[in-house]
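Student: Chains A, B and C, in that order, are what the protein sequence lines are.
Note that the numbering used here gives residue 239 to position 163 of the first sequence, counting from 1, and the numbers run on in steps of one.
Note that the numbering used here gives residue 315 to position 314 of the second sequence, counting from 1, and the numbers run on in steps of one.
Note that the numbering used here gives residue 483 to position 44 of the third sequence, counting from 1, and the numbers run on in steps of one.
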Amino acid sequence: MNITLRVWRQKSRDVEGRMVTYEIEDVSPDMSFLEMLDVLNEKLTLQGEEPVAFDHDCREGICGACGVVIDGVAHGPETTTTCQLHMRSFSDGDVITVEPWRATAFPVVKDLVVDRGAFDRIIQAGGYISAPTGTAPDAHAMPVPKSDADRAFDAATCIGCGACVAACPNASGMLFTAAKVTHLGMLPQGQPEREARVVKMVNQHDEEEFGGCTNIGECAAVCPKGIPLDTISQLNRDLLGSLTSASSE
Amino acid sequence: MTELYIEGDPIRDEKAPEGPIQERWDKRRFSAKLVNPANRRKLSVIIVGTGLAGASAAATLGEAGYQVTSFCYQDSPRRAHSIAAQGGINAAKNYRNDGDSIYRLFYDTVKGGDFRSRESNVHRLAQVSVEIIDQCVAQGVPFAREYGGLLDNRSFGGVQVSRTFYARGQTGQQLLIGAYQALERQVAAGTVEMNTRHEMLEVIVAGGRARGIIARDMVTGEIETHFADAVVLATGGYGNVFYLSTNAMGCNVTAAWRAHRKGALFANPCYTQIHPTCIPVSGEYQSKLTLMSESLRNDGRIWVPKKGGDPRDPRDIPEEERDYYLERRYPAFGNLVPRDIASRAAKNVCDEGRGVGPGGLGVYLDFADAIKRMGRPAVEARYGNLFDMYQRITGENPYEVPMRIYPAVHYTMGGLWVDYDLQSTLPGLFVTGEANFSDHGANRLGASALMQGLADGYFVLPNTVNDYLADGPFEKLDENTPEAREASETVRARIDRLLSINGTRTVDSFHKELGQIMWDYCGMERTEEGLRKAIDRIRELRGEFWQNVRVLGSNDELNQALEKAGRVADFFELAELMCIDALHRRESCGGHFRAESQTEDGEALRDDDEFAYVAAWEFAGTGEQPVLRKEDLEYEYVEMKQRSYK
Amino acid sequence: MANSTLTKQRSAALQSSVALKSAMAVTGGILVLFLIAHMYGNLMVFGGQEAFDDYSHHIREIGEPMLPHGGALWIIRVVLLASLLIHAYAAFALWARAKHARPAAQRYVVRKSAQSPSRRYAAQTMRWGGVIVALFVIYHILHLTTNHIAPGGASDSPYERLVNGFQIWWVVLSYLIALLAVGYHLWHGIFSALATLGVNKAGRERALRLIATVVAAAITVGFLVPPFSILFGLVS
């Protein structure tokens, strides 16, 4: 099939960008969206035009590197990562608009590549359990109810792709933050730091200039790993609990 | 054959202690010099790569008080390709009371590696495995649990005990996130400095020691010089030399290869693992292959039609016209034979013209019986996410139609040669995880890669690197040190050259062609003739690459084509060494089958008299014959036997 | 971490987006409770003029003689006004943060919701909808409380003011529009407030959305019944 692509081109962070239109012929429905971009890049290179920069790595939907807004939806029309989106989701003659994640917290580095370092800094603020290597008790010392372990796991499947931010009308990073708060907060190992963790992570989230959550739910609707909206509610509960708690670390 | 290489002096691992194998790790920890906690902050360590081995090492050494500088080419350390491991991680916990023990895990791993790994290293790996699980659970890794709240285990990759811990089909992700969080905790504490979107392009060797690296800031193009008292490479494997593999697009050999060029020996480069259960190639444009956990082989049945070119829908092919070739040839293990056997058997039936799907490169993996036996909900619970993944990629529903699978390059057992301390032949250069060669021999068992990465990073390196650092801090260097300046100029010159060729072919087109040569001649089955042909073609193609590649843009920006070009240039040199190594090893062993060395019924024939050694290669200069240095392997505990899965 | 650091972090978190929206949730909750009471009062109109006027009068006597005449009502008014102001302040603060988080220059060329359009519409109109509701409240107070705007004729009897006003079609229309805006605001607002206060849990989202829908619909309908009854002459 033949596709018309409108792609955001931006040379670097401080240069203004614009949409550029390209035609691609002979697109196979079995191609992934990124393979279609590969084909475009091969063609551009041979024509002497610089290829489109986009982040990608594992191409199996788990590393979280890829992610673009396709026709107004983060990761495109299927609820999956961009690398796992296949061209069979489109039709011959489609005009597809491709834009980078857009948020103050995610400045564009080049074309479709953005800087998501803010997510790492949110984790640095408290998204961990302090367990120095070698100090751990036996793994069976602390049983965890299966339902808690499962919920922790569901939240822990977050791949940090940033689609939640891209999709949120407020450009909020709350689903990402809440996924980590929930993952660690559901486990007995995560309890000692639970109150401090949520406070520090929420403060860092705001410091990174993400918007606030207003429970719109666009984040959960595009999340390729299906992180549920209620994790944000759990974060709120934890934060309010921590703010009203008298305990100090 | 000797025109392709020269044989040099043998090499030995001087660090592994003698004595009972159970006591060697204790002995080494005791004999290793320690560094006083107050002195640690004066010592610096560079760690390249943030996968399981790199992130865990950075977190642990940072915690211990060393000044750690960490690098990764991705935009975040959390994206390293360890994240994609699905199946699980082995540990000799014996939580199932099914006869497992450290010794059994050791035994299975030595045997699984087809007697081409070191007993001392493997035993240490089995010992440490137990602590890894404790560590990960303490960090909050959400392993699968049973209703009683205790950890669940499964049997994996053809072993007869249940020792594999897992987190649904995303074990690698969960372990890596655990290590990543530990790493970020140290970043916040100020003990680790993290450099993302940085690619190591050269190692700095001064005064006979590895003292730093040259890295390119992939956003600004700045060529940076970083110094330290020791350098750790945790840079993963080189499966992408085949272009199509299950590796991430960015995985590359550059860091390891640059170290090799500076004097680190490269061991067993031809040992590649081909994973049997991947989704087949669908077309020319294919950029990578997706693995599906081999746990699928626990319940799925593998078959092809008895006669080639059968055009029927697989569901319409009656039972008697199907060939369940693994069950037929290996009745004891059936569909659970080790990876190499399953892979080669698939290749054989496809070579016979009985393959299915586009290009005839695929075999069926059928769940119809399992669905009948366990019911669809049970199958869904166990394999649901894998089935979804298959459907998303192929557009076919595996609950209805048998899946198609084909082998793909998955893991490389070879890597930089290291001693028991994980130190390479370049003093001060340590190598961990998939980037080294040490623990898997000629074939890696399922669920062992995660174990090795974390063992190296959390427990081994932090107990051996001190022995080296105790002599530090070493002489202070700066950018004007001749060795540093030279390394940085080499990097600049190479980049300038790649940008100035402006030929007519893209980097990817060269990479694809190289990959095809490697797959055809240095893949699952190798022959002397094929390998010689491959070497000629690689040399030719490399020549063309340096004349005719087209890399647009400049160095001082994010330039993904330039990044790729540098990596492919190194893959060319590695590819040649892999073929030379494969050529000289005239035996079938582990994941590698030499057509000239087989039994009467076509099974792999290992040659222990000739080849029970590690082939460590020394770089002698571009275009010069590499020097082969053998490390003899001795087996004091596990008796060398031909593997048999009949 | 030292004590003081956590204390500092906690006080910073009082300014966080989560704290702001919690304030919105609590104040919004107060306003919803008020609306329910108000709606109940409105429905007294079906009891006839005497009942309705008595009810209006009684509001002013709550708490007597402990409180002066109209005292309780003033307390309620102060609480409501404070709630409204806090609600609006938090809304504007979050609005400003959202605008900063994705400034106009960074808007998407193509934008599409991944959710059901009506739900998305309700969520997206919270801010402008809130402004419309606020303007309506002013109009409404001038009309039926202070008697400043008196379409259909002023009166000392609240019942008469009500009936006089709602016999005019465009007055009813203006209330209809305003109440639909209120309904939409509540539809998302009630769910959002519950979620913000941590009530949303795994598997509970549908139930919470249902509660929000029912309450929002009940309040909208409850408020619209009297004006329409008057317009169609069922109450006169």
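C-beta atoms are modelled at their ideal positions from N, C-alpha and C, and glycine is treated no differently.
Treat the numbers as computed from the prediction; the structure is a model and nothing was measured.
May I have the straight-line CA-CA distance separating LEU583(C) from PHE286(A), to the nearest angstrom?
Tutor: On the third sequence, residue 583(C) is found 144 positions in, with the first residue counted as 1. On the first sequence, residue 286(A) is found 210 positions in, with the first residue counted as 1. Straight-line Cα distance between these residues: approximately 43 Å.
Student: Looking at the secondary structure, which residues open and close the beta strand (DSSP E) in which TYR331(B) lies?
Tutor: The residue labelled residue 331(B) in the question sits at position 330 within the second sequence. Note, TYR331(B): premise wrong, no beta strand (DSSP E); not H, not E.
Student: Kindly indicate if chain A contains any beta-carbon less than 7 Å away from that of ALA655(C).
Tutor: If you number the third sequence from 1, residue 655(C) lands on position 216. It does not: the Cβ of ALA655(C) has no partner Cβ on chain A nearer than 7 Å.
Student: Excluding five sequence neighbours on each side, which residues of the same chain lie with their C-beta closer than 6 Å to the C-beta of CYS289(A)?
Tutor: Walking along the first sequence from the start, residue 289(A) turns up at place 213. Closer than 6 Å at Cβ, skipping near neighbours: SER248, MET250 and ILE308.
Student: TYR412(B) and THR61(B) look like a contact to me (Cβ under 8 Å); what is the Cβ gap, rounded to whole Å?
Tutor: Residue numbering aside, residue 412(B) sits at position 411 when the second sequence is read from its first letter. Residue numbering aside, residue 61(B) sits at position 60 when the second sequence is read from its first letter. Incorrect: roughly 24 Å between the Cβ atoms, too far for contact.
Student: Taking the CB atoms as reference points, tell me whether SER236(A) and PHE195(A) lie closer together than 7 Å.
Tutor: Counting from 1 along the first sequence, the entry for residue 236(A) is found at position 160. Counting from 1 along the first sequence, the entry for residue 195(A) is found at position 119. Contrary to the premise, residue 236(A) reads as Gly rather than Ser in this sequence. Yes, these two residues count as a Cβ contact at 7 Å.
Student: Starting from SER598(B) and walking both ways along the beta strand (DSSP E), at which residues does that stretch end?
Tutor: Within the second sequence, residue 598(B) is the residue found at index 597, counting from 1. Run containing SER598(B): none; DSSP gives neither H nor E here.
Student: Between which residues of its own chain and HIS124(B) is the CB-CB distance below 6 Å, once the five residues before and five after are set aside?
Tutor: Position 123 of the second sequence, counting from 1, holds the residue named residue 124(B). Only ILE22 and PHE107 meet the Cβ criterion.
Student: Are there 16 or more other CB atoms within 10 angstroms of the CB of GLN267(A), so buried, or fewer, so exposed?
Tutor: To locate residue 267(A), count along the first sequence from 1; it is residue 191. It counts as exposed.
Student: Mind pulling the chain C residues with CB within less than 7 Å of GLY148(A)?
Tutor: Looking up residue 148(A) in the first sequence gives position 72. Using a Cβ-Cβ cut-off of 7 Å, GLY148(A) is close to TYR547, VAL549, ARG550 and LYS551 of chain C, given in chain order.
Student: Is HIS151(A) helix, strand or coil by DSSP?
Tutor: Translated into the one-based positions of the first sequence, residue 151(A) becomes position 75. In the structure shown, HIS151(A) adopts coil according to DSSP, grouped into three states.
Student: State the Cα-Cα distance for the pair GLY89(B) and GLY447(B), rounded to the nearest angstrom.
Tutor: Counting from 1 along the second sequence, the entry for residue 89(B) is found at position 88. Counting from 1 along the second sequence, the entry for residue 447(B) is found at position 446. Near 8 Å, if we compare the C-alpha coordinates of GLY447(B) and GLY89(B).
Student: Report the neighbours of VAL484(C) on chain A: residues whose CB is nearer than 7 Å to its CB, in chain order.
Tutor: The residue labelled residue 484(C) in the question sits at position 45 within the third sequence. Correct list: empty, because the minimum Cβ distance to chain A is about 35 Å.
Student: Measure the alpha-carbon distance for ILE669(C) versus TYR614(C) and round it to whole angstroms.
Tutor: Mapped onto the third sequence, residue 669(C) falls at position 230. Mapped onto the third sequence, residue 614(C) falls at position 175. Straight-line Cα distance between these residues: approximately 13 Å.
Student: For the pair the stretch 587 to 598 of chain B and the stretch 551 to 564 of chain B, tell me if three or more CB-CB distances fall below 8 Å.
Tutor: no
Student: Compute the beta-carbon to beta-carbon distance between ASP367(B) and PRO332(B), rounded to the nearest angstrom, for a pair I have assumed lies under 8 Å.
Tutor: Residue numbering aside, residue 367(B) sits at position 366 when the second sequence is read from its first letter. Residue numbering aside, residue 332(B) sits at position 331 when the second sequence is read from its first letter. Actually they do not touch by this definition, with Cβ atoms about 18 Å apart.
Student: Taking the C-alpha atoms as reference points, what is the distance between ALA605(B) and GLY363(B)?
Tutor: The sequence position of residue 605(B) within the second sequence is 604, counting from 1. The sequence position of residue 363(B) within the second sequence is 362, counting from 1. The alpha-carbon atoms of ALA605(B) and GLY363(B) are separated by roughly 22 Å.
Student: Could you tell me the distance, in whole angstroms, from the CA atom of ALA409(B) to the CA atom of GLU285(B)?
Tutor: Along the second sequence, read from residue 1 onward, the residue named residue 409(B) stands at position 408. Along the second sequence, read from residue 1 onward, the residue named residue 285(B) stands at position 284. Those two C-alpha atoms are separated by around 16 Å.
Student: Reducing DSSP to helix, strand and coil, say where ASN91(B) ends up.
Tutor: Stepping through the second sequence from its first residue, residue 91(B) is reached at position 90. In this structure, ASN91(B) counts as strand in the three-state DSSP scheme.
Student: For the stretch 612 to 637 of chain C, enumerate the residues whose C-beta is nearer than 9 Å to any C-beta of chain A, in chain order.
Tutor: Listed by position, the residues of the stretch 612 to 637 of chain C near chain A (Cβ gap below 9 Å) are HIS627, PHE630, SER631, ALA632, LEU633, ALA634, THR635, LEU636 and GLY637.
Student: Can you confirm whether GLN488(C), when its beta carbon is compared against all beta carbons of chain A, has any partner nearer than 7 Å?
Tutor: Position 49 of the third sequence, counted from the start, is the residue given in the question as residue 488(C). No - not a single Cβ of chain A is within 7 Å of the one on GLN488(C).
Student: Consider the Cβ of ASP306(A): report whether some Cβ of chain C lies at a distance smaller than 7 Å.
Tutor: Residue 306(A) sits at position 230 when you count from the first residue of the first sequence. The beta-carbon of ASP306(A) is placed less than 7 Å from the nearest beta-carbon of chain C.
Student: At the level of alpha carbons, what is the spacing between ALA576(B) and ASN503(B)?
Tutor: Walking along the second sequence from the start, residue 576(B) turns up at place 575. Walking along the second sequence from the start, residue 503(B) turns up at place 502. Roughly 24 Å separates the two Cα atoms.
Student: If you drop the 5 nearest sequence neighbours on each side, which residues of the same chain put their C-beta closer than 7 Å to that of GLU77(B)?
Tutor: The count along the second sequence starts at 1 and reaches residue 77(B) at position 76. Just to set this straight, residue 77(B) is Ser in the shown sequence, not Glu. These residues qualify, in order along the chain: THR197.
Student: Pull up the distance between the alpha-carbon of ILE616(C) and that of VAL241(A), whole angstroms please.
Tutor: On the third sequence, position 177 is the one that residue 616(C) refers to. On the first sequence, position 165 is the one that residue 241(A) refers to. C-alpha separation (whole angstroms): 33 Å.
Student: Under 9 Å Cβ-Cβ, which residues of chain A neighbour SER594(C)?
Tutor: The residue labelled residue 594(C) in the question sits at position 155 within the third sequence. Those do not exist, as SER594(C) stays about 42 Å from chain A at its closest Cβ, beyond 9 Å.
Student: For VAL128(A), go through chain C and note every residue whose CB falls closer than 8 Å to its CB, in chain order.
Tutor: The residue labelled residue 128(A) in the question sits at position 52 within the first sequence. Near VAL128(A) there are no residues of chain C at all, since even the closest Cβ is about 16 Å away, more than 8 Å.
Student: Do the CB positions of VAL188(B) and GLN280(A) come within less than 7 Å of each other?
Tutor: As a first step, residue 188(B) is located in the second sequence; it is residue number 187 there, counting from the start. As a first step, residue 280(A) is located in the first sequence; it is residue number 204 there, counting from the start. Cβ distance not < 7 Å, so VAL188(B) and GLN280(A) don't count as in contact.
Student: Measure the alpha-carbon distance for ASP133(A) versus VAL190(A) and round it to whole angstroms.
Tutor: Taking the first sequence and counting its residues from 1, one reaches residue 133(A) at position 57. Taking the first sequence and counting its residues from 1, one reaches residue 190(A) at position 114. Distance between the alpha carbons of ASP133(A) and VAL190(A): 14 Å.
Student: Can a CB atom of chain A be found closer than 7 Å to the CB of ILE645(C)?
Tutor: Translated into the one-based positions of the third sequence, residue 645(C) becomes position 206. The residue you asked about is not Ile; residue 645(C) is Arg in the sequence shown. Not closer than 7 Å to any Cβ of chain A, the Cβ of ARG645(C) fails to qualify, so no.
Student: I'd like to know whether the C-beta of ALA39(B) is nearer than 7 Å to at least one C-beta of chain A.
Tutor: Numbered from its first residue, the second sequence carries residue 39(B) at position 38. No, ALA39(B) does not count as interfacial toward chain A.
Student: Could you tell me the alpha carbon to alpha carbon distance between GLY442(B) and ARG135(A), rounded to whole angstroms?
Tutor: The count along the second sequence starts at 1 and reaches residue 442(B) at position 441. The count along the first sequence starts at 1 and reaches residue 135(A) at position 59. Those two C-alpha atoms are separated by around 29 Å.
Student: Going by the beta-carbon positions, is the gap between GLN626(B) and ILE224(B) smaller than 7 Å?
Tutor: In the second sequence, the residue the question calls residue 626(B) occupies position 625. In the second sequence, the residue the question calls residue 224(B) occupies position 223. Taking 7 Å as the Cβ cut-off, GLN626(B) and ILE224(B) do not qualify as a contacting pair.
Student: At which residues does the alpha helix (DSSP H) containing SER455(C) begin and terminate?
Tutor: One-based indexing of the third sequence puts residue 455(C) at position 16. Note, SER455(C): premise wrong, no alpha helix (DSSP H); not H, not E.
Student: Using a C-beta to C-beta distance shorter than 8 Å, which residues of chain B count as neighbours of ARG164(A)?
Tutor: As a position in the first sequence, residue 164(A) is number 88, starting the count at 1. By Cβ distance, chain B contributes GLY396.
Student: With a Cβ-Cβ cutoff of 7 Å, do GLN123(A) and ILE205(A) count as a contact?
Tutor: Position 47 of the first sequence holds residue 123(A). Position 129 of the first sequence holds residue 205(A). Cβ distance not < 7 Å, so GLN123(A) and ILE205(A) don't count as in contact.
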